[in-house]
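Peer 1: A single structure is presented below for examination.
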Amino acid sequence: MKYDVSLELENREESYSFGDVAKQANGSAWIKSGKSVILATVVINETEIVKDDFLPLTVQYIEKTYAAGKIPGGFFKRETKPSDFETLTSRIVDRSLRPLFPKGFGHPTQITIMVFSADSESDLQVLALNAASAALFTSDIDINTSVSAVRTAKVDGELVINPTLSQLKNSTLDLYLSGTKDDLLMIEMRTFGGEQVTVSEMVIDPMLDPTMSGAVISSHVSNAMSEDELIEVFEKTQAELFSANTKYEAAFVNSQKVVLPLDLKAHVPNEEIMTYVRDTHMSEIKDAIKQMAKSERSTALRTLRKKILTLKEEWVSVELELELKDAIDKVKKEEVRAQILNDNIRADGRALTEVRPISIDTNILPSAHSSCLFTRGQTQALVVLTMGGAKDAQMFESLTDSGTQNENFMVHYNFPGFSVGEASPVMGTKRRELGHGNLAKRALSPVVDLEGQTVRLVSEILESNGSSSMATVCGGYMALKAADIETSDTIAGIAMGMVSEDGKYAILSDIMGLEDHDGDMDFKVTGSKEGITAMQMDIKLGGISLNILKEALYQAKEGRSHIIDIMLEAESRIEFNDGVLPSVDFFHIDPSFIGEIIGQAGKTIREMIEKFEVAIDIDKKDGKVK
Numbered sequence: 081m082k083y084d085v086s087l088e089l090e091n092r093e094e095s096y097s098f099g100d101v102a103k104q105a106n107g108s109a110w111i112k113s114g115k116s117v118i119l120a121t122v123v124i125n126e127t128e129i130v131k132d133d134f135l136p137l138t139v140q141y142i143e144k145t146y147a148a149g150k151i152p153g154g155f156f157k158r159e160t161k162p163s164d165f166e167t168l169t170s171r172i173v174d175r176s177l178r179p180l181f182p183k184g185f186g187h188p189t190q191i192t193i194m195v196f197s198a199d200s201e202s203d204l205q206v207l208a209l210n211a212a213s214a215a216l217f218t219s220d221i222d223i224n225t226s227v228s229a230v231r232t233a234k235v236d237g238e239l240v241i242n243p244t245l246s247q248l249k250n251s252t253l254d255l256y257l258s259g260t261k262d263d264l265l266m267i268e269m270r271t272f273g274g275e276q277v278t279v280s281e282m283v284i285d286p287m288l289d290p291t292m293s294g295a296v297i298s299s300h301v302s303n304a305m306s307e308d309e310l311i312e313v314f315e316k317t318q319a320e321l322f323s324a325n326t327k328y329e330a331a332f333v334n335s336q337k338v339v340l341p342l343d344l345k346a347h348v349p350n351e352e353i354m355t356y357v358r359d360t361h362m363s364e365i366k367d368a369i370k371q372m373a374k375s376e377r378s379t380a381l382r383t384l385r386k387k388i389l390t391l392k393e394e395w396v397s398v399e400l401e402l403e404l405k406d407a408i409d410k411v412k413k414e415e416v417r418a419q420i421l422n423d424n425i426r427a428d429g430r431a432l433t434e435v436r437p438i439s440i441d442t443n444i445l446p447s448a449h450s451s452c453l454f455t456r457g458q459t460q461a462l463v464v465l466t467m468g469g470a471k472d473a474q475m476f477e478s479l480t481d482s483g484t485q486n487e488n489f490m491v492h493y494n495f496p497g498f499s500v501g502e503a504s505p506v507m508g509t510k511r512r513e514l515g516h517g518n519l520a521k522r523a524l525s526p527v528v529d530l531e532g533q534t535v536r537l538v539s540e541i542l543e544s545n546g547s548s549s550m551a552t553v554c555g556g557y558m559a560l561k562a563a564d565i566e567t568s569d570t571i572a573g574i575a576m577g578m579v580s581e582d583g584k585y586a587i588l589s590d591i592m593g594l595e596d597h598d599g600d601m602d603f604k605v606t607g608s609k610e611g612i613t614a615m616q617m618d619i620k621l622g623g624i625s626l627n628i629l630k631e632a633l634y635q636a637k638e639g640r641s642h643i644i645d646i647m648l649e650a651e652s653r654i655e656f657n658d659g660v661l662p663s664v665d666f667f668h669i670d671p672s673f674i675g676e677i678i679g680q681a682g683k684t685i686r687e688m689i690e691k692f693e694v695a696i697d698i699d700k701k702d703g704k705v706k
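Written out as structure tokens, the structure reads:
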């Protein structure tokens, strides 16, 4: 393969080839870094146009097992449904590139990223975004801004830009930042302590229980990272983003294709109808804004639309009714943003920094190991915890792993349609549900030490009007305490928002659904009173400055501390589910007697397990029994 461009970046070299493969795509980039090879392609449908204000972009990140010299496990010897890592990586690339597309771009667009070769040290999530951005930048789509990713770790107290996977395993920080030369577009961050992966020998006998043979990923016990320290990391990482994107744009410009003459189809609102709505029905728009639930607000706006159509009979047509609907929505959005920016008034009357009322009920499910019903305003999460042993861990195998691993801390998030008043069937796990569960897991895992146990948290969202993922974090922590599980700190989460226009901006604490929909930022921050354990940020503006990010972090700390005070008070009232909650005992025996305890082919220990209805794990090396 002949490479057109080779770039020296911080701790990594990347080589790119454009146009040698996938030549019928609108854009393609073949990238090699170390022994990893990735192909990213961009294809658009030039004839089909989606005319509403929606970008029909789909991103698929696909790993091929042959890339690491493996054959797929299971009955079918070919790749099947995407793994969690593939799905989460697809989301990361989508969220980073979506802000680049101009308003009114309505052509269905597919970005496909395929891993053809992988080594054990390459950061595939960083390479995936860089490859996709290169394919988009050099395609015949009129996008001339480079986006890249930088991951930052902290190993032995020192910051490492673009760490290897081995360095990341020994890091106390994992910060994934994507952006352009000038602005941050997306943040994924988590903290953990010590080594990320530890191998447990708590195996009775592979012949007796094959599911217990393999590595166990242990939870991490770590202090959260303070806002001041994190801001310093952001500054250094953003400097690397500027350097990398400057190099990319200079190196790729000669490989750009001739731009396609595509028409932007942004819907132009009917100014006559909008003026009529503003002049004659603004009081009803304001009343609808005060309807907090999405279903109630939709009903109020639909009622207003029907009322207007009875008054303006000449507008009774499919086309004009759609324009009326669009006008009402746009006037509503203008009013929501104007109230916040000009009057510091939010739709529900709260101050910009005010958190909605919170109620917490623990162990309301008598047969579950523990549970918490966490309600914040009109957002409600029922988080249920189940405890198990080592054999209950989730088995998985990533592309660069040498063998199967087990995850002993799981957070699963479910978002049924009824939580927002929608009549939709409950289907399989969607990307958003997987992403929210992963965020909650990253928020809580740094403060949990499970000592060989397995814990599964399931968050059932019963009502949603703003950041159910943060309700999952808070309810998940309370469920851990309701199961009498030790934690090193109290963890809560809060969703921050922002409205920005004409040089003015306002940062909002604990955003509700209306502010998420009509605002410019969704910034989720989790942690203790002392610092941050995880965060996730998405920007609709096309970027955010570091100064605004600093302000949002400190405002989030105030809101988080308020929530934690409420959680601590609820923690003092917890009553455990006695008789249901499993108990765990540890003791030691002489390792020379382990064979007699296990018995021939595991007969003796199996009889004990069945007779006394217990789970027994034995460490063969030092005789530790759980």
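Each residue of the sequence shown is one higher than the last, beginning at 81 in the working numbering.
Using N, Cα and C, we set each Cβ at its ideal position, and we do this for glycine too.
(1) Tell me the rounded alpha-carbon separation between cysteine 554 and aspartate 596.
(2) For methionine 475, which residues does DSSP report across the bridge?
(3) Roughly how far, in whole angstroms, is the beta-carbon of alanine 229 from the beta-carbon of leucine 253, given that I think they are within contact range, below 8 angstroms?
(4) Quick one: is the Cβ of leucine 253 within less than 7 angstroms of any heavy atom of the ligand GTP?
(5) Rounded to whole angstroms, what's the CA-CA distance from valine 296 to valine 464? Just pull it up for me.
(6) Apart from the five residues on each side of it in sequence, which residues of its chain come closer than 6 angstroms, Cβ to Cβ, to serine 306?
(7) Taking the alpha carbon of alanine 198 as the reference point, which residue from Lys112, Gln635, Ser549, Val398 has its own alpha carbon closest?
(8) Relative to the C-alpha of methionine 269, which residue among Asn518, Thr127, Ser539, Ser625 is closest?
(9) Where does valine 528 land, buried or exposed, given buried means 16+ other C-beta within 10 angstroms?
(10) Considering only DSSP beta bridges, list what threonine 244 is partnered with.
(11) Sorted by chain position, which residues of the same chain lie with C-beta nearer than 6 angstroms to glutamine 247's C-beta, five sequence neighbours on each side aside?
(12) Using the Cβ count rule (16 or more neighbours within 10 Å means buried), how would you classify lysine 561?
(13) If you follow the alpha helix (DSSP H) that lysine 374 is part of, which residue opens it and which one closes it?
(14) Could you give the DSSP three-state label for aspartate 289: helix, strand or coil?
(15) Exposed or buried, glutamate 676, counting other C-beta atoms within 10 Å across all chains shown (16 or more means buried)?
(16) Please identify the residue among Tyr356, Asp428, Leu453 whose C-alpha is closest to the C-alpha of serine 439.
(17) Secondary structure at histidine 492, three-state DSSP: helix, strand or coil?
(18) Can you round the beta-carbon distance between glutamate 581 and arginine 417 to whole angstroms, since I take them to be within the 8 angstroms contact cut?
(19) Under 8 angstroms, do aspartate 618 and methionine 266 count as touching if we go by C-beta distance?
(20) Where does threonine 570 land, buried or exposed, given buried means 16+ other C-beta within 10 angstroms?
(21) So, under 8 angstroms CB-CB, lysine 604 and serine 547 are touching, yes? Tell me the CB distance rounded to an integer number of Å.
(22) In angstroms, rounded to a whole number, what distance separates the CA positions of glycine 659 and threonine 167?
(23) Buried or exposed for arginine 653, going by 16 or more other Cβ atoms inside 10 Å?
(24) At which residues does the alpha helix (DSSP H) containing glutamate 352 begin and terminate?
(25) Tell me which residue opens and which closes the alpha helix (DSSP H) that methionine 305 is part of.
(26) Evaluate the contact criterion for the segment 181–200 versus the segment 108–123: three or more CB pairs, one atom per stretch, below 8 angstroms.
(27) Does DSSP classify valine 435 as helix, strand or coil?
(28) For lysine 366, which of Ala109, Lys412, Arg640 has the nearest alpha-carbon?
(29) Let me confirm a value: proline 179 is counted as buried when at least 16 other C-beta atoms fall within 10 Å, else exposed. Which label applies?
(30) Mark histidine 187 as exposed unless 16 or more other C-beta atoms lie within 10 angstroms of its C-beta, in which case mark it buried.
(31) Using 8 angstroms as the Cβ pair cut-off and three pairs as the minimum, do the segment 161–175 and the segment 484–504 touch?
(32) For lysine 584, which three-state DSSP category applies?
(33) Is glycine 457 helix, strand or coil by DSSP?
(34) Can you tell me whether DSSP reads alanine 563 as helix, strand or coil?
(35) If I'm right that alanine 331 touches valine 85 with Cβ under 8 angstroms, what's the distance once you round it to whole angstroms?
(36) Nearest by alpha-carbon distance to phenylalanine 495: which of Thr459, Ile678, Thr606, Phe476 is it?
Peer 2: In terms of the structure at hand:
(1) By 1-based counting over the sequence shown, the position of residue 554 is 474. By 1-based counting over the sequence shown, the position of residue 596 is 516. Approximately 20 angstroms between the Cα atoms of the pair.
(2) Counting from 1 along the sequence shown, the entry for residue 475 is found at position 395. Methionine 475 pairs with Asn486.
(3) Looking up residue 229 in the sequence shown gives position 149. Looking up residue 253 in the sequence shown gives position 173. Actually they do not touch by this definition, with Cβ atoms about 16 angstroms apart.
(4) Ligands displayed in this structure: none; no statement on the ligand GTP is therefore possible.
(5) By 1-based counting over the sequence shown, the position of residue 296 is 216. By 1-based counting over the sequence shown, the position of residue 464 is 384. Low confidence applies here, because valine 296 scores a pLDDT of 37, under 50, leaving its location unreliable; read the following figure in that light. Whole-angstrom Cα-Cα distance: 23 angstroms.
(6) On the sequence shown, position 226 is the one that residue 306 refers to. If we look at serine 306 and ignore the five residues flanking it on each side, its Cβ neighbours are Gly611.
(7) In the sequence shown, counting from the first residue as 1, residue 198 sits at position 118. Ranking Lys112, Gln635, Ser549, Val398 by Cα distance to alanine 198 puts Lys112 first.
(8) Residue numbering aside, residue 269 sits at position 189 when the sequence shown is read from its first letter. With distances taken between Cα atoms, methionine 269 lies closest to Asn518.
(9) Here the question's residue 528 lines up with position 448 in the sequence shown. Counting Cβ neighbours within 10 Å, valine 528 comes out buried, since at least 16 surround it.
(10) Position 164 of the sequence shown holds residue 244. Paired residue(s): none; threonine 244 is not in a bridge.
(11) By one-based count along the sequence shown, residue 247 stands at place 167. Within the same chain, glutamine 247 has close Cβ partners Ala233, Val235, Val240.
(12) Taking the first residue of the sequence shown as 1, we reach residue 561 at position 481. Buried, since its Cβ has 16 or more Cβ neighbours within 10 Å.
(13) To locate residue 374, count along the sequence shown from 1; it is residue 294. Taken as a continuous stretch (DSSP letters only), the alpha helix (DSSP H) holding lysine 374 covers 374–391.
(14) Taking the sequence shown and counting its residues from 1, one reaches residue 289 at position 209. Interpretation of aspartate 289 is limited by its pLDDT of 36, a score under 50 that renders its predicted location unreliable; the figure taken from the coordinates is listed afterwards. Residue state for aspartate 289 is assigned as coil, using DSSP reduced to three classes.
(15) What you label residue 676 is simply residue 596 of the sequence shown in a count that begins at 1. Exposed is the call here.
(16) To locate residue 439, count along the sequence shown from 1; it is residue 359. Ranking the options by Cα distance to serine 439, first place goes to Leu453.
(17) Here residue 492 refers to the residue found at position 412 when the sequence shown is read from its first residue. Here histidine 492 carries a strand assignment [DSSP, helix/strand/coil].
(18) As a first step, residue 581 is located in the sequence shown; it is residue number 501 there, counting from the start. As a first step, residue 417 is located in the sequence shown; it is residue number 337 there, counting from the start. Rounded, the Cβ-Cβ distance is 6 angstroms, consistent with contact.
(19) Looking up residue 618 in the sequence shown gives position 538. Looking up residue 266 in the sequence shown gives position 186. Methionine 266 sits close to aspartate 618, with the two beta carbons spaced by under 8 angstroms.
(20) The residue you call residue 570 lines up with position 490 of the sequence shown. So threonine 570 ends up on the buried side.
(21) The count along the sequence shown starts at 1 and reaches residue 604 at position 524. The count along the sequence shown starts at 1 and reaches residue 547 at position 467. That pair is a contact at about 7 angstroms.
(22) The residue given as residue 659 occupies position 579 in the sequence shown. The residue given as residue 167 occupies position 87 in the sequence shown. Approximately 39 angstroms between the Cα atoms of the pair.
(23) Looking up residue 653 in the sequence shown gives position 573. With fewer than 16 Cβ atoms within 10 Å of its Cβ, arginine 653 is classed as exposed.
(24) On the sequence shown, residue 352 is found 272 positions in, with the first residue counted as 1. Run containing glutamate 352: 351–369, per the alpha helix (DSSP H) assignment.
(25) As a working mapping, residue 305 is identified with position 225 in the sequence shown. Looking at the DSSP string, methionine 305 is not in any alpha helix (DSSP H), and its letter there is neither H nor E.
(26) yes
(27) As a working mapping, residue 435 is identified with position 355 in the sequence shown. Coil, per DSSP.
(28) Residue 366 sits at position 286 when you count from the first residue of the sequence shown. Considering only alpha carbons, the answer is Lys412.
(29) As a working mapping, residue 179 is identified with position 99 in the sequence shown. Per the 10 Å Cβ criterion, buried.
(30) As a working note, residue 187 is residue 107 in the sequence shown. Per the 10 Å Cβ criterion, buried.
(31) The segment 161–175 is not in contact with the segment 484–504.
(32) Taking the sequence shown and counting its residues from 1, the one referred to as residue 584 is at position 504. Strand.
(33) By one-based count along the sequence shown, residue 457 stands at place 377. It is coil, neither helix nor strand.
(34) To locate residue 563, count along the sequence shown from 1; it is residue 483. Reduced to three states, the DSSP call for alanine 563 is coil.
(35) On the sequence shown, residue 331 is found 251 positions in, with the first residue counted as 1. On the sequence shown, residue 85 is found 5 positions in, with the first residue counted as 1. With a Cβ gap of about 5 angstroms, alanine 331 and valine 85 count as contacting.
(36) Residue numbering aside, residue 495 sits at position 415 when the sequence shown is read from its first letter. The shortest C-alpha separation from phenylalanine 495 is found at Thr459.
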